[in-house]
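Counted from 1, the sequence shown has number 425 at position 439 by my numbering; the numbering is strictly sequential. Using N, Cα and C, we set each Cβ at its ideal position, and we do this for glycine too. Data first, discussion second: the structure below is written as structure tokens.
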Amino acid sequence: MTYPFTGDAYHAVAQDANADGYPDLLVAGGSWNHAVVLYNDRTGGFAAPQYFTCGDFCAGVAVAPVDCNSSPDLLMAVANDGRVEVLPTNGLGVFAPSLRQLYPVDGQPVDLVTGTFDNDAQVDFAALDILGGRVSVRLNRNGATCGGTFASVLPYPAGSGGLSAQTLRRADMNRDGRADVLVVNQAQPAGQGLSVLFGDGTGGFSAPTLSATGNPAPYDVAVGDLNGDGRPDAVVANLDDGNVGVLLGQAAAPWLGAIVRYPRPGAHAVALADFDRDGHLDVAVNPGGWILPGRGDGTLGPAQQVLPGGSGWLVAADFDGDGRPDLAQVASGQATLLRNPSIVLPVELVSFQATAGDAVHLRWTTASEVQNDGFEVQASGDGQRFDSLAWVPGQGTSSRAHTYTLVDHQPQQFGARRVYYRLRQQDRSGRTTYSPVQAVRWAIRMAAPFPNPCQRIFRVPGLTPTSEVELRTSLGQVAPLRRVGDQFWTAAVPGVYVLVVLDGARRLYYQLRLE
């Protein structure tokens, strides 16, 4: 179900904006200079969008009762004006622009979070500066007046800055009962794009503890317990190389372990929820609308696509009140709601191995299969662009373990020292999932031309730029031949020819049949 609105989608969150017990969808409208609130209609959908104007560029949005009357107020991070605007609720529970309050913060705020950072039961807020990578904390000082008053800015560096900070999250990462904040920052050295600032319970924060994200362009982060040990784990969306990174929580400093990456094309946004209701958190990823099911041990299973062509932010919440998580996708001008997304995987893949010898031997085992049509084996020379290698039929529906094998006799066709393999499993309804990628090292060797026989076009893997190639008839006459890299095209008539390859001191002869 789609819900159009006017505006960009710079950030999006699910919070109860009108205190009716149902989560609503809040969108920062970016250059449209307003926040968008899609109120839950209590039937599993959203009412018509409501707009709340602000200054120049609405980059972040949240609701919280900051004036201590228990009704949620609207907070907007206004990037180009360097402030957070608060719209308190009037006596009827409606956000009142006439009561607007302006609170300056450092730099250009691109995101904000709320919380009781000094443990006094009054809601404070923190804003993230895109320019300097600083977190501005403003503590609530309502006292007995309840007028919505905040103390001066307390700035805390989160990293090196440099037009790079993207996302701000609140969590108790070290389980000491004090709110901490996480910052995703793209300008950190050595790919250390995730910063954690630990709260001291008085409104102060520690120097940043940096964690490597394995990529110079992390964009989003979500926090949850993926392995059931009671410690919060972090899941990072890395934009450049398109992977999802999992950092498991630890019992002591630095509190987060080394990253484990799961390839996805251009990860921009992540959200956590138990979509398959097996008691383990799963990871939703955009673009593409993928869900990677959690196994309960901190690892993720093969991805399943639930929103093909998806883009924008992802927000997980129980919007329809049925006790099961729903998934909202929020892009510029439109929100898409997927109620109770199903990720019952048709195949339980327990192993997938690739071993190099004279050829590459692939072997994989399934524990069970449901309506499994089969596997497309794919290969790649760079780990990014995969080509189809073969189709292996599946077992349909079976509760028994099955082992499959395939031999790639031509890994040299990729002209690379490392060859990557993966499985694209397809069920009989057309849904697909992908296995983890396996990589093997392969010594590049001069290979025979293929395909052979061929129809005018063929390749000779392993050629160097200085290798010379000639196509000769049985009488020794040179036939026309054009070359681009290791690929050749000829206009010669069908027949049997001799391909001569001069590679340094070597002279190699191959019989080639043109059809």
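Residue environment, residue i, which counts as buried when at least 16 other CB atoms sit within 10 Å
i: M62; result: buried
i: Y495; result: exposed
i: Q315; result: buried
i: L488; result: exposed
i: H395; result: exposed
i: D373; result: exposed
i: I277; result: buried
i: R69; result: buried
i: T341; result: exposed
i: R159; result: The sequence given here places Met at residue 159; Arg does not occur at that position. By the neighbour-count rule (16 or more Cβ atoms within 10 Å), M159 is buried.
i: P466; result: exposed
Residue nearest to residue i in terms of C-alpha spacing, selected from the options
i: P74; options: Y8, Y(-11), R86; result: R86
i: A345; options: R427, G185, Q152, A113; result: R427
i: D413; options: E334, S453, P466, Q473; result: E334
i: T352; options: F338, T(-8), V363, D359; result: F338
i: G30; options: W475, Q424, E501, P311; result: P311
i: P294; options: R445, D304, P273; result: P273
i: D97; options: F32, A65, L125, R127; result: A65
i: R281; options: P143, V269, H388; result: V269
i: G137; options: G369, V256, R127; result: For the sequence presented, residue 137 should be read as Ala rather than Gly. Among G369, V256, R127, the Cα nearest to that of A137 belongs to R127.
i: P288; options: L233, Y406, G367, T418; result: T418
i: R156; options: L196, H20, A198, A113; result: A113
i: V123; options: S150, L154, L117; result: L154
i: V207; options: P95, S385, D104, V232; result: V232
Opening and closing residue of the beta strand (DSSP E) in which residue i lies
i: L60; result: 59 to 64
i: S337; result: 333 to 342
i: F436; result: No beta strand (DSSP E) holds F436; DSSP gives it neither H nor E.
i: Q357; result: 346 to 366
i: W475; result: 473 to 475
i: Q315; result: 312 to 317
i: R217; result: Where R217 is concerned, there is no enclosing beta strand (DSSP E), given that its DSSP letter is neither H nor E.
i: S122; result: 120 to 124
i: V479; result: V479 -> no beta strand (DSSP E), and no H or E assigned at all.
i: V256; result: 255 to 259
i: V207; result: 204 to 210
i: V52; result: Segment: none, V52 is in no beta strand (DSSP E) and carries neither H nor E.
i: H388; result: 388 to 394
i: E454; result: 454 to 458
For residue i: DSSP bridge partner residues
i: I277; result: A270, Q290
i: Y420; result: A289, R410
i: P90; result: R69
i: D(-6); result: Bridge partners of D(-6): none, in fact.
i: V23; result: L12, Q36
i: I245; result: L233
i: G382; result: N358
i: F191; result: G185
i: F81; result: T75
i: N171; result: A151
i: D110; result: G101
i: W18; result: Per DSSP, none; premise fails for W18.
i: I443; result: W475
Open item on the list: For the pair the region 157 to 166 and the region 174 to 188, tell me if three or more CB-CB distances fall below 8 angstroms.
Closed with: Short answer: they touch.
TODO: Could you tell me whether the region 300 to 311 touches the region 349 to 367, where touching means 3 or more Cβ pairs closer than 8 angstroms?
DONE: Because the criterion of three Cβ pairs below 8 angstroms is not met, the region 300 to 311 and the region 349 to 367 do not touch.
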